[in-house]
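Protein chains in written order, with my numbering: chain A, 1 to 336; chain B, 1 to 336.
Let me begin by presenting the structure, written as structure tokens, before commenting on it.
There are 2 protein chains.
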Amino acid sequence: MSKVNLKKLASELGVSISTVSKALKDSYEIGQDTKKKVLEKAKELGYKANPYARYMRYQKSSTIAIVIPEMTNSFFLQVINGAESIAREKDYHLLIYITHEDAQKEIDILNHLQNGRVDGIMMSLSCTTTDYSHLHACINSNIPIVFFDRICHEIETVKIITDDFASGFAATEHLIQSGCKDIAYLSISGNLSIDNKRMQGYLEALDKHNIKQDKRRIIKCTNDDKSNYKKIKTLLTGSKKPDGIFASIEKLALTTYSVSKDLEIKIPAKLKVICFSNLATADFLNPPMTTITQPANEMGAAAASQLFKYLDKKGTEIKNENIVIKSALTVRGSTL
Amino acid sequence: MSKVNLKKLASELGVSISTVSKALKDSYEIGQDTKKKVLEKAKELGYKANPYARYMRYQKSSTIAIVIPEMTNSFFLQVINGAESIAREKDYHLLIYITHEDAQKEIDILNHLQNGRVDGIMMSLSCTTTDYSHLHACINSNIPIVFFDRICHEIETVKIITDDFASGFAATEHLIQSGCKDIAYLSISGNLSIDNKRMQGYLEALDKHNIKQDKRRIIKCTNDDKSNYKKIKTLLTGSKKPDGIFASIEKLALTTYSVSKDLEIKIPAKLKVICFSNLATADFLNPPMTTITQPANEMGAAAASQLFKYLDKKGTEIKNENIVIKSALTVRGSTL
Numbered sequence: 001m002s003k004v005n006l007k008k009l010a011s012e013l014g015v016s017i018s019t020v021s022k023a024l025k026d027s028y029e030i031g032q033d034t035k036k037k038v039l040e041k042a043k044e045l046g047y048k049a050n051p052y053a054r055y056m057r058y059q060k061s062s063t064i065a066i067v068i069p070e071m072t073n074s075f076f077l078q079v080i081n082g083a084e085s086i087a088r089e090k091d092y093h094l095l096i097y098i099t100h101e102d103a104q105k106e107i108d109i110l111n112h113l114q115n116g117r118v119d120g121i122m123m124s125l126s127c128t129t130t131d132y133s134h135l136h137a138c139i140n141s142n143i144p145i146v147f148f149d150r151i152c153h154e155i156e157t158v159k160i161i162t163d164d165f166a167s168g169f170a171a172t173e174h175l176i177q178s179g180c181k182d183i184a185y186l187s188i189s190g191n192l193s194i195d196n197k198r199m200q201g202y203l204e205a206l207d208k209h210n211i212k213q214d215k216r217r218i219i220k221c222t223n224d225d226k227s228n229y230k231k232i233k234t235l236l237t238g239s240k241k242p243d244g245i246f247a248s249i250e251k252l253a254l255t256t257y258s259v260s261k262d263l264e265i266k267i268p269a270k271l272k273v274i275c276f277s278n279l280a281t282a283d284f285l286n287p288p289m290t291t292i293t294q295p296a297n298e299m300g301a302a303a304a305s306q307l308f309k310y311l312d313k314k315g316t317e318i319k320n321e322n323i324v325i326k327s328a329l330t331v332r333g334s335t336l
Numbered sequence: 001m002s003k004v005n006l007k008k009l010a011s012e013l014g015v016s017i018s019t020v021s022k023a024l025k026d027s028y029e030i031g032q033d034t035k036k037k038v039l040e041k042a043k044e045l046g047y048k049a050n051p052y053a054r055y056m057r058y059q060k061s062s063t064i065a066i067v068i069p070e071m072t073n074s075f076f077l078q079v080i081n082g083a084e085s086i087a088r089e090k091d092y093h094l095l096i097y098i099t100h101e102d103a104q105k106e107i108d109i110l111n112h113l114q115n116g117r118v119d120g121i122m123m124s125l126s127c128t129t130t131d132y133s134h135l136h137a138c139i140n141s142n143i144p145i146v147f148f149d150r151i152c153h154e155i156e157t158v159k160i161i162t163d164d165f166a167s168g169f170a171a172t173e174h175l176i177q178s179g180c181k182d183i184a185y186l187s188i189s190g191n192l193s194i195d196n197k198r199m200q201g202y203l204e205a206l207d208k209h210n211i212k213q214d215k216r217r218i219i220k221c222t223n224d225d226k227s228n229y230k231k232i233k234t235l236l237t238g239s240k241k242p243d244g245i246f247a248s249i250e251k252l253a254l255t256t257y258s259v260s261k262d263l264e265i266k267i268p269a270k271l272k273v274i275c276f277s278n279l280a281t282a283d284f285l286n287p288p289m290t291t292i293t294q295p296a297n298e299m300g301a302a303a304a305s306q307l308f309k310y311l312d313k314k315g316t317e318i319k320n321e322n323i324v325i326k327s328a329l330t331v332r333g334s335t336l
């Protein structure tokens with residue numbers, strides 16, 4: 001099938017390319033009759049504006065990118081769902097990139113995105129990212145970045161977060177009120193502000209309830225599932241075992257379930273477990289898992305909407321703003 | 001920061017834009033000294049080729065699209081993960097579109113993709129799609145489509161599938177061997193070939209074991225969770241209750257768990273459940289769920305790889321081919 005472009009339309013109609021182009025843009029320079037003829041012919045031949053040719057004219061890609069650290073966490077799934085809906089509504093296209101928690105991959109991806117492929121980026125940092133030059137470079141190239149969940153404090157921009165401190169506090173206090181006296185915190189990365197805030201909430205709740213803080217109860221996990229399994233197993237086989245675990249992210253709670261199953265430690269009788277999670281199956285787990293549920297879909301939609309606010313008014317400088325969407329505690333069998 | 005483009009490089013070096021462009025393309029027309037100077041200056045100023053300008057020169061977007069029906073199924077999650085890895089390897093970009101099982105959304109998306117935004121598409125049909133004109137239109141516009149999982153038989157192309165018939169047969173035979181005598185099949189959509197093949201496998205296994213087929217045992221579910229809940233509840237409260245359920249997709253098995261919990265029907269004592277699923281939490285469910293596990297990551301990677309095979313040799317006509325990657329039965333507590 002031969003390509004239907006402006007040239008082809010112009011030749012079919014016997015007018016200039018410029019006339020066709022202006023007619024399609026509804027320019028005041030072109031009469032109504034001509035406009036009607038051009039639109040009819042465009043429809044008849046199935047003309048579709050080429051996005052690359054459009055970009056060359058308007059310097060607008062109508063594309064945004066979402067950069068996420070992993071695909072096994074149900075939180076990011078729901079974020080993508082929320083972001084994609086808003087992008088479709090706005091007639092934008094959504095590129096997806098996964099860093100797999102690898103700082104170098106994140107740098108490579110951001111470097112690739114500086115060349116105009118996208119109008120803006122929404123992202124959540126990898127847990128190994130410690131240097132932020134690649135983020136500054138993007139912003140210096142006039143590609144706005146909106147953060148969600150795993151934000152970068154150093155960058156002045158819009159950040160969509162949940163109330164990590166308050167939720168970390170509430171999770172820990174819930175364990176205490178359920179009878180726990182010795183609570184361990186499973187950290188995913190000291191580099192991540194969400195992790196630090198959740199841990200601060202944990203420490204604050206211990207303090208409020210006069211439970212002595214113990215650094216050995218803060219377990220530094222990583223992105224390596226096997227190593228996490230070992231660390232949690234060591235924690236749960238020591239001479240002094242915790243009676244409660246607060247996992248900063250979903251997969252650490254699932255590893256805790258796995259270790260408990262293998263060691264035949266009964267949850268919640270011997271060990272109570274709570275975590276940040278958006279698992280659709282939390283209700284059906286054995287036992288059902290008490291979670292701090294983040295408004296993931298809303299956070300994805302909010303991040304996309306905020307980005308579009310700035311893309312709609314190109315040239316507006318993006319303001320530093322933290323938008324907090326609250327999480328909710330859902331009590332289930334793992335802490336009863 | 002002012003934009004570094006060919007013009008800027010040319011002006012900095014005091015040469016023509018054409019010289020810069022040819023030097024960057026390593027043209028034989030340009031001397032080694034000049035090439036070296038251009039490359040050094042490009043690096044110094046942080047020049048990055050604009051993808052849209054590149055497209056206008058080479059008619060290649062370096063972008064593919066993945067179109068999936070929903071984001072709640074862990075199968076699609078893993079497919080995206082597999083496809084993204086291959087795309088990154090190939091230095092391609094991946095656009096994501098979700099049809100939410102809505103045929104009209106699928107049509108709109110495919111129509112949008114006919115204009116050169118992507119070089120190719122990998123997709124899984126929505127369960128409400130019954131007309132395929134939008135797929136033919138894409139292929140007629142020289143945008144190849146590779147299908148995975150939910151394929152369209154009518155289109156001559158590469159289709160990445162699993163052994164749905166054999167797996168449906170194996171799932172049903174496993175229920176029979178576990179003692180089930182009255183097995184219901186939960187269908188997600190009569191429009192989908194995967195659903196039909198799984199059901200054919202189910203019927204064949206009943207036949208082999210001399211169990212009479214009963215149309216009332218084939219429950220036609222939809223994309224509406226509430227309506228599915230009601231249908232499954234009706235099935236499980238009738239005067240004659242099935243003792244086994246084979247769910248064609250994950251979410252129907254989870255709804256079965258939900259109904260069973262509410263009706264206090266013990267799984268597996270009173271009802272055995274098996275389904276096609278890639279749930280990471282299958283092991284931790286109450287009871288752990290027996291699944292037919294699809295090689296989702298591999299299927300995503302294979303679909304992307306097959307698409308690239310054709311994109312690498314532009315102009316090659318895509319062959320009709322079914323590539324089968326086998327699923328595996330994992331027996332867990334729900335059928336013991």
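Every residue gets a Cβ at the ideal spot worked out from N, C-alpha and C, and that includes glycine.
Minimum Cβ-Cβ distance from residue i to chain E less than 8 Å
i              : result
arginine 332/B : The question asks about chain E, but that chain is absent: this structure's protein chains are A and B.
Cβ-based burial, residue i [other Cβ within 10 Å; buried from 16]
i               : result
valine 146/B    : buried
valine 324/A    : exposed
alanine 345/A   : As displayed, chain A neither begins before 1 nor continues past 336, which places residue 345/A out of reach and without an answer.
tyrosine 132/B  : exposed
arginine 216/B  : exposed
alanine 269/A   : exposed
isoleucine 64/A : buried
glutamine 114/B : buried
leucine 263/B   : exposed
glycine 82/B    : buried
methionine 1/B  : Bear in mind that the predicted position of methionine 1/B carries a pLDDT of just 43, short of 50, making it unreliable; the figure below should be weighed with that in mind. When all chains shown are included, methionine 1/B counts as exposed.
serine 124/A    : buried
glutamine 294/A : buried
valine 4/A      : buried
Chain B residues whose Cβ lies nearer than 9 Å to that of residue i
i              : result
tyrosine 257/A : Thr281, Asp283 and Phe284
lysine 8/A     : Chain B residues near lysine 8/A: none, gap ~14 Å exceeds 9 Å.
lysine 48/A    : Asn111, His112, Gln114, Asn115, Gly116 and Ser141
leucine 263/A  : Here the premise fails: no neighbours, minimum Cβ distance about 14 Å.
Residue interval of the beta strand (DSSP E) (run including residue i)
i                : result
threonine 290/A  : 290-293
glutamate 321/B  : 321-324
glycine 120/A    : 120-123
threonine 34/B   : Threonine 34/B -> not in any beta strand (DSSP E); alpha helix (DSSP H) instead, spanning 32-45.
isoleucine 194/A : Taken as a continuous stretch (DSSP letters only), isoleucine 194/A belongs to no beta strand (DSSP E), being part of the alpha helix (DSSP H) at 193-208.
valine 4/B       : Premise fails: valine 4/B is in no beta strand (DSSP E) and is neither H nor E.
isoleucine 145/B : 145-148
Proximity test, residue i beta-carbon vs the ligand FMN heavy atom, cut-off 7 Å
i            : result
valine 146/A : The ligand FMN is not part of this structure, which contains no ligands at all.
Enclosing alpha helix (DSSP H) for residue i [first to last residue]
i                : result
isoleucine 17/B  : 17-24
alanine 49/B     : That residue, alanine 49/B, is in no alpha helix (DSSP H); it is neither H nor E in DSSP.
leucine 329/A    : Segment 328-330 is the beta strand (DSSP E) holding leucine 329/A; no alpha helix (DSSP H) there.
isoleucine 218/A : Isoleucine 218/A -> not in any alpha helix (DSSP H); beta strand (DSSP E) instead, spanning 218-220.
alanine 139/A    : The displayed chain sequence assigns isoleucine, not alanine, to residue 139/A. Run containing isoleucine 139/A: 133-140, per the alpha helix (DSSP H) assignment.
Residue i: contacting residues in chain B (beta-carbon distance under 7 Å)
i               : result
threonine 72/A  : Ala280
isoleucine 98/A : Asn81 and Glu84
proline 51/A    : Asn115, Gly116 and Arg117
leucine 77/A    : Met71 and Leu77
leucine 94/A    : Leu95 and Ile96
Partners in chain A for residue i, counting only beta-carbon separations shorter than 8 Å
i                : result
isoleucine 339/B : Outside the shown range of chain B (1 to 336) lies residue 339/B, about which nothing can therefore be said.
Where residue i meets chain B, residues with beta-carbon distance less than 8 Å
i             : result
leucine 254/A : Ala280, Thr281 and Phe284
Interface partners of residue i on chain A, CB under 9 Å
i           : result
serine 27/B : The contacting residues do not exist; serine 27/B stays about 21 Å from chain A at best.
(Q) Three Cβ pairs or more, each shorter than 8 Å: is that satisfied between the segment 162-169 of chain B and the segment 196-209 of chain B? (A) yes
(Q) Going residue by residue through the segment 150-188 of chain A, where are the continuous beta strand (DSSP E) segments of at least 3 residues, counting only ones entirely within it? (A) Runs of the beta strand (DSSP E) inside the segment 150-188 of chain A: 158-161 and 183-187.
Q: Specify whether the segment 175-186 of chain B and the segment 243-260 of chain B touch according to this definition: at least 3 beta carbon pairs, one from each stretch, less than 8 Å apart.
A: yes
Q: May I have a chain-ordered list of the beta strand (DSSP E) segments no shorter than 3 residues that lie completely inside the segment 228-295 of chain A?
A: 244-247, 272-276 and 290-293
Q: Entirely within the segment 64-116 of chain B and at least 3 residues each: give me those beta strand (DSSP E) ranges in chain order.
A: 93-98
Q.
Contact between the segment 144-162 of chain A and the segment 314-323 of chain A is defined here as three or more beta-carbon pairs at a separation below 8 Å; is this criterion met?
A. yes
Q: Take every Cβ of the segment 92-109 of chain A, pair it with every Cβ of the segment 290-307 of chain B, and state whether three or more of those distances are shorter than 8 Å.
A: no
Q: For the segment 218-232 of chain B and the segment 272-286 of chain B, state whether three or more C-beta atom pairs, one from each stretch, are separated by less than 8 Å.
A: no
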